[in-house]
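Take a look at the structure below.
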Amino acid sequence: MKKEEENKVVTKTESPCPSDGVCTTEILKNKSLVIKTDEFGSTYTQIIDSETTSVIVYQYNRIVKGDLQDAGYREEIIFEINNNDTELNLTNKELQQTKMLFGRFCFCRGQTGYYKVEEGKLNLKKTNDTITLNLDFTITKVPQIIKTITTSIN
-10 MKKEEENKVV TKTESPCPSD GVCTTEILKN KSLVIKTDEF GSTYTQIIDS
40 ETTSVIVYQY NRIVKGDLQD AGYREEIIFE INNNDTELNL TNKELQQTKM
90 LFGRFCFCRG QTGYYKVEEG KLNLKKTNDT ITLNLDFTIT KVPQIIKTIT
140 TSIN
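Read in order, the letters of the sequence shown correspond to residues -10 to 143 in this note's numbering.
Here it is, written out as structure tokens:
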């Protein structure tokens, strides 16, 4: 098994997923989230090795029927947690302590990319090898389908 695979755990989410898609949550153990901006002002992420943090990625991928071009649609929540934290309760701008971003990726001109999550509430708890998280959030800059995430990662 490759080292990358050892650090990656994927699980199905418990929160309602739209019937036209698939929702997954993964943890990238011992990784850190670096947020960058390109020359056009767009935000993007880079994942790097870290001994003190891990990155959680939640994705909703719409299932595309047939061979429709430009029909893909994906939403993503990505954030970083400290490996030693056993509990997090963050609200609104405090969410940026985790570098939380909402990503919207589609053929939607001017409404794609990553956006800081600054409105919402995150409750995260680690017990043994399980991480349970509840997140309610709102993005005002672009439309969003996923607004609530409830999941456990083993």
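Don't be surprised by glycine CBs; every beta carbon is placed ideally from N, CA and C.
* **Beta carbon proximity, P5 to chain D, threshold 9 Å** => In the structure shown, chain D does not exist; there is a single protein chain.
* Identify every residue that forms a DSSP beta bridge with R63. => N50 and F94
* **Bounding residues of the beta strand (DSSP E) (the contiguous stretch that carries N123)** => T119 to F126
* Q48 classed as buried or exposed, judged by whether at least 16 other C-beta atoms fall within 10 angstroms -> buried
* Can you tell me which of E108, C95, N112 and L122 puts its alpha carbon nearest to the alpha carbon of I16? => L122
* Does the distance from the C-beta atom of I37 to that of V23 stay below 9 Å? -> yes
* Can you say whether E28 is buried or exposed, counting buried as having 16 or more other CB atoms within 10 angstroms of its CB? => exposed
* Just mark M(-10) as buried or exposed, buried being the case when its beta carbon has 16 or more other beta carbons within 10 Å. => At M(-10) the pLDDT is 39, less than 50, meaning the model places this residue with poor confidence; the figure from the coordinates comes in the next sentence. With fewer than 16 Cβ atoms within 10 Å of its Cβ, M(-10) is classed as exposed.
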